[in-house]
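In terms of our numbering, the sequence shown opens at residue 293 and continues consecutively.
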Amino acid sequence: MRHRLSGAEDLRPGLIAVRTARRQAMTEDEVAGALDWRGRPVRCRECEHLTLNAEGLCAKGRACIRDRRARRVDRFLAEHRALADSYLDHPYFEVRASAARYASLFRLAALLDDPEPEVRAMATLRLPLERIVRMADDPDPHVRMAAASRLTGRELMPLLADGDYLVRLAAVRRMPLDLLPLVLGDPDTEVRRVVARRIDLASLPNMSFDADPTVRREVAERLPLRQLHILARDSDLRVRFVVAERIAEEELEPFLDDSEPLIRALANERIDRVPGLRERLDAARSPAPVPLPRRNSSQETDR
293 MRHRLSGAED LRPGLIAVRT ARRQAMTEDE VAGALDWRGR PVRCRECEHL TLNAEGLCAK
353 GRACIRDRRA RRVDRFLAEH RALADSYLDH PYFEVRASAA RYASLFRLAA LLDDPEPEVR
413 AMATLRLPLE RIVRMADDPD PHVRMAAASR LTGRELMPLL ADGDYLVRLA AVRRMPLDLL
473 PLVLGDPDTE VRRVVARRID LASLPNMSFD ADPTVRREVA ERLPLRQLHI LARDSDLRVR
533 FVVAERIAEE ELEPFLDDSE PLIRALANER IDRVPGLRER LDAARSPAPV PLPRRNSSQE
593 TDR
C-alpha cells in the first residue's frame, strides 16, 4: 500500500499549472527564436504559404518550411505532400532532403547528382533499383550505405569490401546466406557478429574460433546442441555461460569445475532439475576403487 502525505492532493492542481506554464513558455521561446536557414528570424507574413498559416495548417516553431530545423521542415512537408515537388531545388539542403522523401518519383532522378549526400541518400532510398546501381560508388559513405540497404545480387558484392564498416554492415544484412562465408574474416567485429546471426548452421562452426568473444557468444547462441561442446572450454566466461545455459544436462559435468562461480551455480541448478542425474554424474566423477593385489597359489604354499 502506498502512503501519501496529507494534503498532497491539494498540491496537484498547482503543480500541473506550473508545468503547463513552463511548457507554454518554452514553446513561446521556440516560436520567438525560430530562424530560417540563413539565420534570420522566421516571419510568417513573408511566407508564400500565408493562407495555410491563416487556416492553422502550418505553425512557426512546429511545422514550417522556412525553419532551419529539419524536423520542422519535414513536419510541414509531411502534412502538405503535394508541395514537395516544388521544393526539390530549394537552396537549403535540409529542405531538398525532406522534399525528396515525399516528392514524385519521376522528379527524383536529378537528385542523385545533388551536391549534398543527405539529398542523394534520400533519392537512393526511393528510386527504382536499376536507377541507383551507380550509387554504390558514391564518394560519401551515407549514400553507399543507402545503396547497400537496397541493392541485391551482383550489384551488392562490391560493397562487401567497402572501406566503411557501416556500408559493409548494411550489405551483410542483405546478402544471400550462401555468400556469407565470404565475409567471415571481415576486420570489424560488428560485421562478423551480424554474419554469426545470419549464416547457415552448416557454416556456423567455422566461426567458433573467431578472435572476438562477442562473436563467439553469438555462435554459442545458435550452434546446434550436438556441437556446443566445441565452445565448452572457451576462454571467455560469457561464451561458457551461454553454452552452460543451452547444452544438454547430461553434458554439464565439465562446468561443475568451471573457474567462474556463476557458471558452476548454473550447472548445478540445471543438473538438480533432472531426477537421478546428480547421482549418475557423482558416480562417474568418483575415483574407481584401487583393486588389492591378488596372491598367487605359490605364495600361499610357501607359507
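Each residue gets a CB set at the ideal place from its N, CA and C atoms; glycine is no exception.
Keep in mind it's a predicted model, so treat the numbers as computed, not measured.
Would you decide whether residue i is buried or exposed? Buried here means 16 or more other CB atoms lie within 10 Å of its CB.
i           : result
residue 469 : exposed
residue 453 : exposed
residue 390 : buried
residue 401 : exposed
residue 478 : buried
residue 368 : buried
residue 407 : exposed
residue 409 : buried
residue 416 : buried
residue 340 : exposed
Alpha helix (DSSP H) containing residue i: first to last residue?
i           : result
residue 334 : Counting along the chain, residue 334 falls outside any alpha helix (DSSP H), and DSSP gives it neither H nor E.
residue 535 : 529 to 538
residue 461 : 457 to 464
residue 491 : Element bounds for residue 491: n/a, residue is neither H nor E.
residue 575 : 569 to 577
residue 564 : 553 to 564
residue 421 : 421 to 424
residue 410 : 409 to 418
So, helix, strand or coil for residue i, using DSSP?
i           : result
residue 478 : coil
residue 327 : strand
residue 471 : helix
residue 320 : Below a pLDDT of 50, predicted positions are generally treated as unreliable, and residue 320, at 47, falls in that range; the measurement from the model is reported next regardless. Helix, per DSSP.
residue 444 : coil
residue 486 : helix
residue 503 : coil
residue 313 : Note on residue 313: pLDDT 46, under 50, position unreliable in the model; the coordinate value appears next. The answer is helix: DSSP assigns residue 313 an H, G or I state.
residue 450 : helix
Do you know whose CA, among the options, lies nearest residue i's CA?
i           : options               : result
residue 497 : 467, 514 and 486      : 514
residue 575 : 551, 545, 471 and 394 : 545
residue 425 : 446, 408, 472 and 570 : 446
residue 413 : 479, 420 and 437      : 437
residue 551 : 460, 524 and 543      : 524
residue 364 : 349, 377 and 378      : 349
residue 507 : 399, 485 and 566      : 485
residue 381 : 535, 411 and 560      : 411
residue 423 : 442, 528 and 537      : 442
residue 480 : 490, 395, 503 and 493 : 503
residue 476 : 419, 488 and 534      : 488
*Would you mind listing the beta strand (DSSP E) stretches within the region 352 to 386 that are 3+ residues and don't spill past its ends, in chain order?*
none
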